[in-house]
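So in this note's numbering, spot 18 of the sequence shown is number 26, and the numbers just go up one at a time. For each residue, glycine too, the CB sits at the ideal point set by N, CA and C. Predicted, not measured: the structure shown is a model, and the values here were computed from it.
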Amino acid sequence: MKQEVLDIIKYYIDSVDSFDYNNIIVEMLKEIQKIDGYINDKVVEYISKNMNLKISLIEGIIKRNKNLKDKLCKTIILCTGARCMKRGSYEMLKLIEKDYTHFKVETKNCFRDCGKGPNLSIDEKIYNGINSDNIKKILE
Ligand code: FES
């Protein structure tokens, strides 16, 4: 576990007895997620042991909070070049940000495959002609 993560947990340990412990844990997990990209099982176990909290309680907080992730998210690179935007890229961006929060979304100006857009890339594989019908199959 990174020293930065340990430092964050140490900082919050004294705060967990306060009335609003749920929000305090959420804030702590958000800070940890900024470093690791997600909340891994070792972090959950460490918090559980050192803050005397049940693992299921911490896992429940992660599941209920849309901004917290318990898996390392893949990165989607969505083309927001002019031609893809004309074909619905912006709508796909909004859809991904709303329904697929376990992905990290980045944008790129052009994949140089404009005729087949809107385009996105995951793990260096390019998907053409994405729309609200086929995106579910691509991302799930
Ligand atoms: S504008 Fe999207 S591939 Fe060129």
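| query | Taking the C-alpha atoms as reference points, what is the distance between Asn-142 and Val-51? | reply | Taking the first residue of the sequence shown as 1, we reach residue 142 at position 134. Taking the first residue of the sequence shown as 1, we reach residue 51 at position 43. Using only the alpha carbons, I get a separation of about 36 Å.
| Is the region 84-102 touching the region 56-63 in the sense that three or more CB pairs, one from each, lie closer than 8 Å? | In short, these stretches do not touch, since the Cβ pair count stays below three.
| query | Anyone know if the C-beta pair for Ile-43 and Lys-79 falls short of 8 Å? | reply | Along the sequence shown, one-based indexing puts residue 43 at 35. Along the sequence shown, one-based indexing puts residue 79 at 71. No. Outside cutoff.
| Hey, is Gly-137 close to ligand 1, as in C-beta under 7 Å from one of its heavy atoms? | The residue you call residue 137 lines up with position 129 of the sequence shown. For ligand 1, not one heavy atom lies less than 7 Å from the Cβ of Gly-137.
| message | At the level of alpha carbons, what is the spacing between Ala-90 and Ile-104? | response | As a first step, residue 90 must be located in the sequence shown, where it is residue number 82. As a first step, residue 104 must be located in the sequence shown, where it is residue number 96. Counting only the Cα atoms, Ile-104 lies some 19 Å from Ala-90.
| task | Report yes if the CB atom of Leu-65 is closer than 8 Å to the CB atom of Gln-41, and no otherwise. | result | Here the question's residue 65 lines up with position 57 in the sequence shown. Here the question's residue 41 lines up with position 33 in the sequence shown. No; because the gap between Cβ atoms is not below 8 Å, this pair is not in contact.
| said: Considering only their Cβ atoms, is the gap separating Asn-136 from Lys-124 smaller than 8 Å? | reply: Counting from 1 along the sequence shown, the entry for residue 124 is found at position 116. Counting from 1 along the sequence shown, the entry for residue 136 is found at position 128. Going by C-beta atoms, Lys-124 is nearer than 8 Å to Asn-136.
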